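There are 2 protein chains.
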Amino acid sequence: MRPSGRAGREAPPLSRDRIVEEALALLDEEGAGRLTMRRLAERLGTGSTTLYWHVKTKDDVLDLALDAIFADVRIPRGSGQGWRADITALIDGWRAVLLKHPWSSALLGRPMLGPNVLARSEFLYATLLEAGVGEPHLTAAAFGLSNYVIGSALMQATWLTSAEQAVRQAAQEHMRANRDRYPALAAHGPLAAGDDWDTGFALGLTWLLDGIEANARH
Amino acid sequence: MRPSGRAGREAPPLSRDRIVEEALALLDEEGAGRLTMRRLAERLGTGSTTLYWHVKTKDDVLDLALDAIFADVRIPRGSGQGWRADITALIDGWRAVLLKHPWSSALLGRPMLGPNVLARSEFLYATLLEAGVGEPHLTAAAFGLSNYVIGSALMQATWLTSAEQAVRQAAQEHMRANRDRYPALAAHGPLAAGDDWDTGFALGLTWLLDGIEANARH
DNA sequence: CCAGTGACCGGATCAATGATCTGGTGCTCG
DNA sequence: CGAGCACCAGATCATTGATCCGGTCACTGG
Chain A
10 MRPSGRAGRE
20 APPLSRDRIV
30 EEALALLDEE
40 GAGRLTMRRL
50 AERLGTGSTT
60 LYWHVKTKDD
70 VLDLALDAIF
80 ADVRIPRGSG
90 QGWRADITAL
100 IDGWRAVLLK
110 HPWSSALLGR
120 PMLGPNVLAR
130 SEFLYATLLE
140 AGVGEPHLTA
150 AAFGLSNYVI
160 GSALMQATWL
170 TSAEQAVRQA
180 AQEHMRANRD
190 RYPALAAHGP
200 LAAGDDWDTG
210 FALGLTWLLD
220 GIEANARH
Chain B
10 MRPSGRAGRE
20 APPLSRDRIV
30 EEALALLDEE
40 GAGRLTMRRL
50 AERLGTGSTT
60 LYWHVKTKDD
70 VLDLALDAIF
80 ADVRIPRGSG
90 QGWRADITAL
100 IDGWRAVLLK
110 HPWSSALLGR
120 PMLGPNVLAR
130 SEFLYATLLE
140 AGVGEPHLTA
150 AAFGLSNYVI
160 GSALMQATWL
170 TSAEQAVRQA
180 AQEHMRANRD
190 RYPALAAHGP
200 LAAGDDWDTG
210 FALGLTWLLD
220 GIEANARH
């Protein structure tokens, strides 16, 4: 016990897991832009350069943090609810996690190869296979669903986080000023529509699933 | 003519447009990660600080560059082909532009409020309205289509650009090593499937359009 | 013709950041 | 007890976005 390195440090010894854990807290509190190795080290009560003993680069920290949040997405394995319900639950959970950690959307442009992500992708493919979806619809379905969630979360997070920075207000005024140039957009666009992202997302998901179902054997 | 500022400079005087133009060239050649104000200035044959007279911040340059590429997306206004063909053409053009400039995918996390993007969004909304799509399907349709393209382009660009950096190889080996843990993924995943992104994208788009059509009045 | 105004340019400079080099410090095993 | 190892951190470097302040030209009013 207490394998502390220095004289009487109270915190557990630095570890990869502790770094990721603190990185997650920092990201949730201040966003991706403010994650610095120095700041992270400070929060951990350690020197900034020490982190590099446990982690190769800063990108490593980001990759690990990104994969970590997907541990919260429950995999509805063997729920007995049918493949449609299972996939809906998976996708909804996926989306919820992305929206719960808005900084994650900014990181979606990197390859997601962590164990949590892979496990959930595996479930998606397996469920579709079991439902009788074959190529080329299988690839289209898996990609379509993934891409749809990713795009939706990215756009919603972008919109919501920039809302506080008065970007939204500027956009609204710009919209009103050029109302004649963008009539449909001004009347029905994201600014006119409320903040009901959920039903819109659910509708699109239904359409995708309908299309998939039409090409499944069961 | 020749309103050159200094003694006999051959290039036209620096302007916002020239900056954006050169930024686009730099981005296309070297990617988003290597766009630096200094490098950009060097290519323009000017001092790095001079750029800040024409542009407020680096983000301005990125926003302008991102909107600029969408000028190449043809708006099929009044094509007489029907709304489905028009929207398909718009979405396909949107996707083509994103894939032609892979760096753009990394910038999709910022609000896109440039004139080119707004004009094309306006066309999307207007076309859907004309097709008889009303709320809440209108918002769902517009968002669904946009998010689907964005997510697809993001994922494909991520995958393709990281392919050269041997990330793909590492992923493939990781996949083979854990083949038992990810059976469906290993057999049918993006690594197993070829590089035929197009048909998968087209299929998903069809499903979305089918769903939209089922909720339109015409 | 000439002083002055303002658009435009850039060298020096600052603070922040990712990453490395190098030298510790204390625990543990033989 | 002492040698090796896991772990830590100060000093340091290069890069980058951004600002300060002083320059340089074209043009204009008198």
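Chains A and B supply the protein sequences, listed in that same order.
The first sequence begins at 10 in the numbering used here and counts up by one.
The second sequence begins at 10 in the numbering used here and counts up by one.
In this text, a Cβ means the ideal position worked out from N, Cα and C, and glycines have one as well.
All values derive from a computational prediction rather than experimental measurement.
Asked: If the criterion is Cβ atoms closer than 7 Å, does the pair A/Val126 and A/Asp76 meet it?; Found: yes
Asked: Terminal residues of the continuous alpha helix (DSSP H) containing B/Lys109?; Found: 92-109
Asked: Just checking: is the beta-carbon of B/Leu127 within a distance shorter than 7 Å of some beta-carbon in chain A?; Found: yes
Asked: Residues of chain A with CB closer than 8 Å to the CB of B/Leu163, please, in chain order.; Found: Leu117, Gly118, Asn156, Ile159, Gly160, Leu163
Asked: For A/Val29, which residues in chain B fall below 8 Å Cβ to Cβ?; Found: Those do not exist, as A/Val29 stays about 19 Å from chain B at its closest Cβ, beyond 8 Å.
Asked: With which residues is A/Val142 paired in a DSSP beta bridge?; Found: A/Ala225
Asked: Please check the pair B/Val82 and B/Arg129, which I expect to be a contact at CB under 8 Å, by giving their CB distance rounded to whole angstroms.; Found: 6 Å
Asked: I believe B/Ala74 touches B/Ala115 by the beta-carbon criterion, under 8 Å. Please report the beta-carbon distance rounded to the nearest angstrom.; Found: The pair is not a contact, with the Cβ atoms about 12 Å apart (cut-off 8 Å).
Asked: Would B/Gly220 count as contacting chain A if we go by Cβ distances under 7 Å?; Found: yes
Asked: Between B/His228 and chain A, is there a C-beta pair that is closer than 7 Å?; Found: One cannot answer for residue 228 of chain B here, as it falls past the ends of chain B, which runs 10 to 227.
Asked: The alpha helix (DSSP H) spanning A/Leu71 covers which residue range?; Found: 67-78
Asked: Would you say A/Val142 reaches chain B, if we count a Cβ-Cβ gap shorter than 7 Å as a contact?; Found: no
Asked: Do A/Ala179 and A/Arg188 come within 7 Å of each other at the CB atom, strictly closer than that value?; Found: no
Asked: Within 10 angstroms of the Cβ of B/Trp62, are there 16 or more other Cβ atoms? Answer buried if so, exposed if not.; Found: exposed
Asked: When you compare only the Cα positions, how much space is there between B/Ala175 and A/Met121?; Found: 15 Å
Asked: Scan the region 133-200 of chain B and note each continuous alpha helix (DSSP H) run of 4 residues or more that stays entirely inside, going in chain order.; Found: 146-170, 176-186, 192-197
Asked: Checking contacts by CB at 7 Å: is B/Tyr191 closer than that to chain A?; Found: yes
Asked: Any C-beta of chain A sitting closer than 7 Å to the C-beta of B/Leu73?; Found: no
Asked: Suppose the cutoff is 7 Å on Cβ atoms and the five residues either side in sequence are ignored; what does the same chain contact list for B/Asp95 look like?; Found: Pro85, Ser88, Thr136
Asked: Could you check whether the Cβ of A/Pro85 sits closer than 7 Å to any Cβ belonging to chain B?; Found: no
Asked: Which residues bound the alpha helix (DSSP H) around B/Met46?; Found: 46-52
Asked: Report the three-state DSSP secondary structure of B/Leu117 (helix, strand or coil).; Found: coil
Asked: If you compare alpha carbons, which of A/Ala223, A/Trp112, A/Ile221, A/Phe132 is closest to A/Trp168?; Found: A/Trp112
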